[in-house]
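A.B. asks: According to this note's numbering, the sequence shown is numbered sequentially starting from 6.
Here a beta-carbon is modelled for each residue, glycine too, at the ideal position from N, C-alpha and C.
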Amino acid sequence: MQSLLLLIVLLRVSNSLNLNGNEIISGTVWNDTDGNRIEAHATGILIDPEDQSYWWYGESKKTSNLSDHGVNCYHSKDFIHWTNQGQVLQQSQVSIPGPAGPYVLARPKVVFNLKTSLFVMWFHLDSSNYGYRYVGVATSQHPQGPFQFIHGFQPDGIPSLDMNLFEDNQNGTVKGVYLIRSCNNQYVGISQLNDDYLNTTGIISRISEPREGHAVFFRNNRYYMMTSHLTGWAPNAAELFISNSNSLIDAQWISLGNPTHSSTTFNSQSTFVLPFPSRKNPGELFYIYMGDRWNAPDLLDASYIWLPYQFYSDTNVTLPWLDKWSLDDY
Ligand code: GAL
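(1) With 7 Å set as the bound, which would you pick, yes or no: does the beta-carbon of N321 sit closer than that to a beta-carbon of chain D?
(2) Closest by CA to Y335, which one among R138, L305, L203 and P287?
(3) Taking the alpha carbon of I50 as the point to measure from, which residue in F84, V322 and S122 has its own alpha carbon closest?
(4) Relative to the alpha-carbon of S145, which residue among L305, N199, L123 and T206 has its alpha-carbon at the smallest distance?
(5) Using 6 Å as the cut-off, classify the Cβ of E44 as near or not near the heavy atoms of ligand 1, replying yes or no.
(6) Nearest-angstrom Cα distance between K82 and S267?
(7) Kindly list the residues whose CB is nearer than 8 Å to the CB of L12, restricted to its own chain and excluding five residues on each side of it in sequence; keep chain order.
(8) Run through DSSP, which three-state label would S31 get?
(9) Bridge partners of E46, per DSSP?
(10) Can you tell me where the beta strand (DSSP E) holding Y183 begins and where it ends?
(11) Does the distance from the C-beta atom of T232 to that of E214 stay below 7 Å?
(12) Indicate whether P264 and L324 have their beta-carbon atoms separated by less than 7 Å.
(13) At the level of alpha carbons, what is the spacing between Y309 and D201?
Structural data, given as structure tokens:
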């Protein structure tokens, strides 16, 4: 009996610390420190403004019942072991004029506003048939929530679907925070957020073709935008863009093609790119692609694909498949 108990305890411990162990193994089940499957899809990462730890926000378990859907949050000091913080924004908190809930709450992203000292979450807020095309905004005094729903609207008066936030943080100075979104699934629009990060201030740059799964990052005086094409839950070929200058205002976007050379982007869709401090070259950053393997139609089995980009020059960029990799090797 005692040895059975010991075995159960050991299995539980190895489950909580392992499965992704100290290595990142894409497309497998990743467990939190309680040994439960991590449910935080369409990931957004916030770096804690005080201690630089990591907050992972994402869509809760992709059940068939929208009423369960909300925003989940996990916390980690080492980017490998994640502690569940629960559902930090719940379906029942969201109310907007127009169609009644439950709503689609998708692609949540959180940034910290230094002026208001609030953590501000934006997400794609929609009716179940994706006809409403809103963003939702919620705030909290703490990264672990709970978040209070503030409002839902169409940014700059334009119907909005897939979206992301980009904090333009250059060496610790925030130059601005931007909304990137699919404008009515016709083109990609970028707008700067206003001072309190609760609204947008008009489109400053666009990609004239429809793309989604947008993930913007800054490297070597250029902005990059990872995108997908529009095929619903089914994966398609990613497309990476580079800006023509070091400003997002009036930025033109030049296609660098598909850095994965995989027509399904390794069966994933982009959601975020995280600049990460290099351990091999202290003082430098490397860039982690974060994507969702939606695994449709079995969304309950959706998993995560995290892979480092390889830069040979500013415009020669690849995202090679790796069965597993370690933060220590970059
Ligand atoms: C995709 C989008 C996903 C999800 C899906 C639903 O285009 O990127 O976030 O909304 O459609 O079909």
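C.D. replies: With the structure as the only source:
(1) The chain inventory of the structure shown lacks chain D, comprising one protein chain alone.
(2) As a working mapping, residue 335 is identified with position 330 in the sequence shown. Answer by Cα proximity: P287.
(3) For the purposes of this step, residue 50 is taken as residue 45 along the sequence shown, with counting starting at 1. Out of F84, V322 and S122, F84 has the C-alpha closest to the C-alpha of I50.
(4) Looking up residue 145 in the sequence shown gives position 140. That would be L123, whose Cα lies nearest to the Cα of S145.
(5) Stepping through the sequence shown from its first residue, residue 44 is reached at position 39. Outside the cutoff, so no.
(6) Position 77 of the sequence shown holds residue 82. Position 262 of the sequence shown holds residue 267. Taking the straight line from one Cα to the other gives about 32 Å.
(7) Position 7 of the sequence shown, counting from 1, holds the residue named residue 12. At L12 the pLDDT is 48, less than 50, meaning the model places this residue with poor confidence and gives no usable figure here.
(8) As a working note, residue 31 is residue 26 in the sequence shown. Note: S31 maps to coil in three-state DSSP.
(9) Within the sequence shown, numbered from 1, the residue matching residue 46 stands at position 41. As written in the sequence, residue 46 is His, which differs from the Glu given in the question. Partner(s): E64.
(10) In the sequence shown, the residue the question calls residue 183 occupies position 178. That run of the beta strand (DSSP E) goes T178 to C188.
(11) Within the sequence shown, numbered from 1, the residue matching residue 232 stands at position 227. Within the sequence shown, numbered from 1, the residue matching residue 214 stands at position 209. Cβ distance not < 7 Å, so T232 and E214 don't count as in contact.
(12) Position 259 of the sequence shown, counting from 1, holds the residue named residue 264. Position 319 of the sequence shown, counting from 1, holds the residue named residue 324. In this structure, L324 lies closer than 7 Å to P264 by Cβ.
(13) Walking along the sequence shown from the start, residue 309 turns up at place 304. Walking along the sequence shown from the start, residue 201 turns up at place 196. Whole-angstrom Cα-Cα distance: 32 Å.
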